[in-house]
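Q: Could you have a look at this structure, given as structure tokens, before my questions?
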Amino acid sequence: MADSLDKIMYSFVMDDVLKGFFIHVPPGYIACVYDLGRGVLKRVYEPGLHLKIPFWQKAKLFNTQTLEYNISKDFDLSKPMLMGDIPIVCTTADKKNVALEGTVLLRLDTERIPEIWQNIGEEFVEKIVRPTIRSRFRMVAAKYNVEDVLINKRDNLEIQAQKELERVFYPRGILVENVLLSNIDEVFEKE
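Shown next, in the form of structure tokens:
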């Protein structure tokens, strides 16, 4: 009995200690390291196996692939960490309401991820992405009449929304690859 307990403890300690020395970074991710003495290190670790100081340094993986921020009726707002939102209701220049659905393609700037982690944190979707997308979509839609938003200038709406998002996100280390509107519906007031 004591022999098997020793083997279990040895296995647990070896597994825990050995894992503490390494950072495994899979493809499509980078790792940032928080050091107890120096804070978030500026260096990013690309895919591969890297050494770290166990118990003194903590590694955090960040996705560097294209991220889809889906704006859809199917989105569950009770899970705010997810990339997405419910349809964004905007008021047009002629005081009509429209609900916008679509996708915003985003990517984190790999060189700026330590800064994002340090200054914004892991909740960057809740803190920065969602409120900014809502605000910029509403601002851009307010420049057009409802007919232009629904039919005539939909492509202009996408282009202007992308430019506005780029202007706000780029200084924060978030890159906008594309804005794609999939559905725009006029919303009628309930009387």
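Per this note's numbering, the sequence shown runs over residues -5 to 185. The beta-carbon is built from N, C-alpha and C at its ideal position, and this holds for glycine as well.
Please say whether phenylalanine 69 and histidine 44 have beta carbons closer to each other than 8 Å?
A: Start at 1 with the first residue of the sequence shown, and residue 44 comes out as number 50. Start at 1 with the first residue of the sequence shown, and residue 69 comes out as number 75. Contact flag unset, no.
Q: Is valine 19 closer than 8 Å to proline 108 when the C-beta atoms are compared?
A: On the sequence shown, residue 108 is found 114 positions in, with the first residue counted as 1. On the sequence shown, residue 19 is found 25 positions in, with the first residue counted as 1. For proline 108 and valine 19, no; Cβs fall outside 8 Å.
Q: CA-CA distance, isoleucine 153 and glutamate 120?
A: Residue mapping note: residue 153 aligns to position 159 of the sequence shown, counting from 1. Residue mapping note: residue 120 aligns to position 126 of the sequence shown, counting from 1. Whole-angstrom Cα-Cα distance: 24 Å.
Q: Is the shortest distance between the beta-carbon of leucine 144 and the beta-carbons of chain D less than 8 Å?
A: The displayed structure is made up of one protein chain only, and chain D is not part of it.
Q: With DSSP as the reference, identify every bridge partner of tyrosine 23, one or two as the case may be.
A: For the purposes of this step, residue 23 is identified with residue 29 of the sequence shown, where counting begins at 1. The partner list for tyrosine 23 (beta bridge, DSSP) reads Asn57.
Q: How big is the Cα-Cα spacing for leucine 100 and phenylalanine 131?
A: Position 106 of the sequence shown, counted from the start, is the residue given in the question as residue 100. Position 137 of the sequence shown, counted from the start, is the residue given in the question as residue 131. One C-alpha to the other measures close to 15 Å.
Q: Excluding the five sequence neighbours on either side, which residues of its own chain have a C-beta within less than 7 Å of the C-beta of threonine 86, listed in chain order?
A: Here the question's residue 86 lines up with position 92 in the sequence shown. Within the same chain, threonine 86 has close Cβ partners Val92, Ala135, Ala136, Tyr138, Asn139, Val140 and Val143.
Q: What does DSSP give as the partner residues of threonine 97 in its beta bridges?
A: Counted from its first residue, the sequence shown places residue 97 at position 103. In the DSSP output, where bridge partners are listed per residue, threonine 97 has Asn64 and Leu174.
Q: Less than 8 Å between the CB atoms is what I'm expecting for leucine 175 and arginine 148, so what's the real figure, rounded?
A: Taking the sequence shown and counting its residues from 1, the one referred to as residue 175 is at position 181. Taking the sequence shown and counting its residues from 1, the one referred to as residue 148 is at position 154. The pair is a contact, with the Cβ atoms about 6 Å apart (cut-off 8 Å).
Q: With 16 as the cutoff for other CB atoms within 10 Å, does isoleucine 178 come out buried or exposed?
A: Translated into positions along the sequence shown, residue 178 becomes position 184. Classification of isoleucine 178: buried, given that the 10 Å Cβ count is 16 or more.
Q: Please report the distance separating the alpha-carbon of glutamate 180 from that of threonine 58.
A: As a first step, residue 180 must be located in the sequence shown, where it is residue number 186. As a first step, residue 58 must be located in the sequence shown, where it is residue number 64. Roughly 36 Å between the two C-alpha positions.
Q: If you draw a straight line from the alpha carbon of isoleucine 122 to that of valine 27, how long is it in whole angstroms?
A: On the sequence shown, residue 122 is found 128 positions in, with the first residue counted as 1. On the sequence shown, residue 27 is found 33 positions in, with the first residue counted as 1. Cα-Cα distance, rounded: 22 Å.
Q: Suppose the cutoff is 6 Å on Cβ atoms and the five residues either side in sequence are ignored; what does the same chain contact list for arginine 106 look like?
A: Locating residue 106 in the sequence shown gives position 112, counting from the first residue. The answer, listed in chain order, is Gly167.
Q: If I follow the unbroken alpha helix (DSSP H) through threonine 126, where does it start and stop?
A: Within the sequence shown, the letter at position 132 stands for residue 126. Residues 124 to 135.
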